[in-house]
Structure formats: structure tokens, C-alpha cells
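Residue numbers (the numbering used here): 1 to 321. Backbone N, C-alpha and C fix where the C-beta goes; we use that ideal spot for every residue, glycine too. Read the structure below first, then the notes.
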Ligand code: KIV
């Protein structure tokens with residue numbers, strides 16, 4: 001049975017009912033399928049991929065084409081979750097026309113259901129324009145990583161005099177412009193709670209305390225993929241860096257020892273083809289068994305027991321069977 005899609009209306013309804021919204025970043029189809037199965041409501045294809053996937057120090061180098069590529073993968077893997085495409089640095093700041101065209105590409109080519117952009121009142125007119133054109137917008141205020149150089153680093157925002165009022169005014173401007181939700185990043189919990197109470201649209205916090213309508217984390221942080229990165233606002237639910245290293249160490253050791261692949265993990269010739277052959281045809285058979293014959297890629301005519309993959313499926317595709 002097909003599950004019904006989480007929409008911007010579902011999210012607003014969740015806020016009304018006092019139900020907390022679970023959001024995570026996601027960058028590929030395999031994870032999208034898994035997160036969907038765990039009923040994560042919103043998958044954010046965040047430009048944080050510039051840091052956790054591409055290895056940059058900031059999100060600034062990420063391009064629109066790269067965002068579209070990852071959005072497409074996530075959209076293919078998610079059946080239930082609402083998929084948000086992040087607008088990367090300089091894809092919406094240069095002109096409203098450019099911003100509209102770029103947001104349109106995230107939806108049309110990337111399959112995103114909505115877009116997210118960083119900034120408050122200064123982008124209210126743009127948000128209204130996108131919404132008027134049928135593109136739902138999630139706002140993002142507080143610690144806005146695309147302003148890394150302006151902010152002087154990844155620093156908690158909102159502690160100086162007048163900052164709480166400015167953040168509240170930004171949130172109100174985004175709501176009035178038609179944003180359907182707002183990410184509150186790296187701000188004191190009291191301010192986030194005040195903003196949440198003042199708005200009818202949901203707030204999604206990251207490093208903004210428990211008073212928001214929902215929470216978001218970077219998936220790789222939650223999974224503990226980088227064991228030297230432990231900021232205070234992240235709760236690490238797994239130690240995947242350690243587990244992955246252990247698994248890959250075992251794989252490397254098995255190869256060194258000749259323990260992988262086993263007989264059960266190998267393909268064999270059919271009994272009637274096992275007669276000794278001249279050297280030239282043995283070479284061509286080796287190529288065939290290695291998967292070079294497109295007509296019958298993994299056909300197992302030999303004695304080994306059939307295993308998953310004998311139907312020719314090359315990898316664990318994230319598509320449901
Ligand atoms: O890019 C991103 O992943 C984000 C979230 C951390 C909110 O903007």
C-alpha cells in the first residue's frame with residue numbers, strides 16, 4: 001500500500017496538534033529509503049553536503065547542479081517524507097529572477113517538494129514571489145552557515161542586545177511572506193521558544209533547544225560518521241565511524257588471508273564445460289565469468305548455490321522490490 005506523502009499542510013497540522021516534527025538531512029537514495037521507513041517527516045537535502053559529503057570546510061562551494069543531483073537521488077528513495085532542496089550560496093542572492101529560475105530547477109529537475117533559503121526579512125519579498133509561483137519555501141535564521149565569513153565563523157547567534165527582537169522580526173517577516181516553516185539554527189533556547197510561540201507555522205530547531213516544533217540534525221552527525229566532531233547540540237545515536245572501520249578492516253584482512261571470496265561467493269562453470277581448454281579460450285572464459293558478457297551478466301550455470309545477485313542485480317539498489 002502506498003503511504004501518503006507528508007506535505008507542508010501535514011506539517012502545519014502537526015504544529016496545531018502539538019506533534020513534534022522529525023527532520024534529518026539526507027543526500028542519497030539508500031538513506032532516503034531507510035529514513036522514510038523510520039517515518040522521518042522531512043528530508044532536507046542540505047548544502048551541508050558540501051562538508052559531510054564533499055569534504056569542504058564550509059557550505060559555500062556547493063553548486064546548484066550538485067544540489068539538484070542529490071535532490072534527485074533523495075526524491076527517488078523517499079515515498080513518504082517531504083523532500084526539501086536547499087538553495088546553495090549565490091543561487092538566490094543575485095536577483096529574484098535568478099532565484100526563481102534556480103528554485104524552479106530544484107523542484108523540476110531535482111524533484112524537491114519545497115526549497116529552503118537562509119535569511120530573514122531581507123528575503124521576505126523573494127519568499128513571497130516563490131510562494132506566489134507555487135514553490136513552498138522553508139526559511140532559515142540564526143546561525144546561517146552561508147554567512148560564515150560575515151558571522152566570523154560558525155557562532156551561536158542571538159546573544160547580543162537587540163538580537164532576540166531582530167530574530168523575532170525576521171521570523172514574522174518570513175511567516176507573513178508565506179514561508180511554511182522556519183529552521184532556527186544555533187540560537188538560545190529561550191529565543192527559539194518565544195519565536196515558536198509567536199508563529200503559526202512550524203519551527204525546526206538545530207542547536208536551538210527543545211521548545212521548537214521539530215528538530216533537525218545532520219544525518220552523518222547523528223550516526224557518528226566523524227568521531228572527531230562532537231558539538232554540544234548533536235546527539236550521536238551510533239558510532240558508525242568505528243563500526244565502518246571495524247567492518248572494512250575485516251574485509252581487508254579477509255582479502256589478505258585469501259578468506260574472501262569463499263566458494264559460496266564464487267561462480268562456477270557448468271559441469272559439462274569444465275574440461276581443460278586451450279590457453280586462449282580459458283582467457284576469454286575468464287573475461288566472461290568476470291561479467292563482460294552483457295546478455296547474461298550473472299548467470300550461474302555451475303554448482304555453487306544460488307545467492308542474492310544471481311538475477312543480475314549488481315548492487316543493493318535502494319528501490320523497493
Ligand atoms: O544544510 C543543512 O544541512 C542545513 C541544516 C543543518 C539545517 O541547513
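### Task
Determine which residues share a DSSP beta bridge with residue 86 and list them.
As a beta-bridge residue in DSSP terms, residue 86 pairs with 116.
### Query
What do you reckon, is the C-beta of residue 48 under 7 Å from a heavy atom of the ligand KIV?
Flag set: Cβ of residue 48 near the ligand KIV.
### Query
For the alpha helix (DSSP H) that residue 150 lies in, which residues bound it at each end?
Taken as a continuous stretch (DSSP letters only), the alpha helix (DSSP H) holding residue 150 covers 148–151.
#### Entry: DSSP bridge partner residues for residue 39 (one or two, in chain order)
None; residue 39 has no bridge partner.
### Query
Who are the Cβ neighbours of residue 112 in its own chain at under 8 Å, not counting the five residues just before and after it?
Around residue 112: 45, 71, 75, 83, 84, 85, 106.
### Query
Quick one: what does DSSP say residue 135 is sitting in, helix, strand or coil?
Residue 135: coil per DSSP, three-state reduction.
### Task
State the Cα-Cα distance for the pair residue 243 and residue 185, rounded to the nearest angstrom.
In this structure, the CA atom of residue 243 is about 30 Å from the CA atom of residue 185.
### Message
Any heavy atom of the ligand KIV closer than 7 Å to the beta-carbon of residue 66?
### Response
Residue 66 Cβ: outside cutoff for every heavy atom of the ligand KIV.
### Query
Who does residue 242 pair with in a DSSP beta bridge?
Listed as beta-bridge partners of residue 242 by DSSP are no residues whatsoever.
### Query
Which value, in whole angstroms, describes the spacing of the CA atoms of residue 272 and residue 264?
Rounded to the nearest angstrom, the gap between the Cα atoms of residue 272 and residue 264 is 20 Å.
### Query
How would you label residue 155, buried or exposed, when you count the other beta carbons within 10 angstroms and need 16 or more for buried?
Under a 10 Å Cβ-count criterion, residue 155 is classified as exposed, with fewer than 16 other Cβ atoms of the shown protein chains found around its own Cβ.
### Message
Quick check: what's the CA-CA separation for residue 170 versus residue 117?
### Response
For residue 170 and residue 117, the distance between alpha carbons rounds to 13 Å.
### Message
Here's the rule: buried if 16 or more other CB atoms are within 10 angstroms of the residue's CB, otherwise exposed. What is residue 33?
### Response
Residue 33 counts as buried, since at least 16 other C-beta atoms from the protein chains shown sit within 10 angstroms of its C-beta.
### Task
Could you please give the first and the last residue of the uninterrupted alpha helix (DSSP H) stretch that includes residue 205?
In the DSSP assignment, residue 205 falls outside any alpha helix (DSSP H) and within the unbroken beta strand (DSSP E) covering 203–206.
#### Entry: Straight-line gap, residue 43 to residue 103 (C-alpha atoms, nearest Å)
Residue 103 has its alpha-carbon roughly 17 Å from the corresponding atom of residue 43.
### Message
Closer than 7 Å to a non-hydrogen atom of the ligand ADP - does that hold for the CB of residue 135?
### Response
By its list of ligands, the structure shown excludes the ligand ADP, since it contains just the ligand KIV.
### Segment limits, alpha helix (DSSP H) that includes residue 215
Annotation for residue 215: no alpha helix (DSSP H) segment contains it, though the beta strand (DSSP E) segment containing it runs 214–217.
### Which residues DSSP lists as bridging residue 140, in chain order
Answer is 119, 183, bridged to residue 140.
### Query
residue 28: beta carbon under 7 Å from a heavy atom of the ligand KIV?
The ligand KIV never approaches residue 28 closely enough for any of its heavy atoms to be under 7 Å from the residue's Cβ.
#### Entry: Cα-Cα separation, residue 99 to residue 196
If you take the alpha carbons of residue 99 and residue 196, they lie about 27 Å apart.
### Neighbourhood of residue 295 by C-beta distance below 7 Å, restricted to the same chain and skipping five residues each side
With a pLDDT of 41 at residue 295, under the threshold of 50, the modelled position of that residue is not reliable, and no figure is offered here.
### Query
Beta-carbon separation of residue 204 and residue 167 under 8 Å?
With contacts defined by Cβ atoms closer than 8 Å, residue 204 and residue 167 do not form a contacting pair.
### Task
Check each candidate in 234, 227, 223, 220 and name the one with the smallest Cα separation from residue 210.
The shortest C-alpha separation from residue 210 is found at 234.
### Any non-hydrogen atom of the ligand KIV closer than 7 Å to residue 206 Cβ
Result yes, Cβ under 7 Å from the ligand KIV.
### Query
The beta strand (DSSP E) with residue 21 in it runs from where to where?
Per DSSP, the unbroken beta strand (DSSP E) holding residue 21 starts and ends at 21–25.
### Message
Taking the alpha carbon of residue 173 as the reference point, which residue from 200, 161, 151, 150 has its own alpha carbon closest?
### Response
Out of 200, 161, 151, 150, 200 has the C-alpha closest to the C-alpha of residue 173.
### Task
Output yes or no for whether 8 Å exceeds the beta carbon distance between residue 88 and residue 47.
With a cutoff of 8 Å on beta-carbon distance, residue 88 and residue 47 are scored as near each other.
### Task
Would you kindly work out how many angstroms separate the C-alpha atoms of residue 59 and residue 67, rounded to a whole number?
Rounded to whole angstroms, residue 59 to residue 67 spans 11 Å at the Cα level.
### Message
Please classify residue 255 as buried or exposed, where buried requires at least 16 neighbouring CB atoms within 10 angstroms.
### Response
Exposed is the call here.
### Message
Within the continuous alpha helix (DSSP H) that includes residue 96, where are the two ends?
### Response
Unbroken alpha helix (DSSP H) run through residue 96: 96–108.
### Message
Closer than 7 Å to a non-hydrogen atom of the ligand KIV - does that hold for the CB of residue 174?
### Response
Outside the cutoff, so no.
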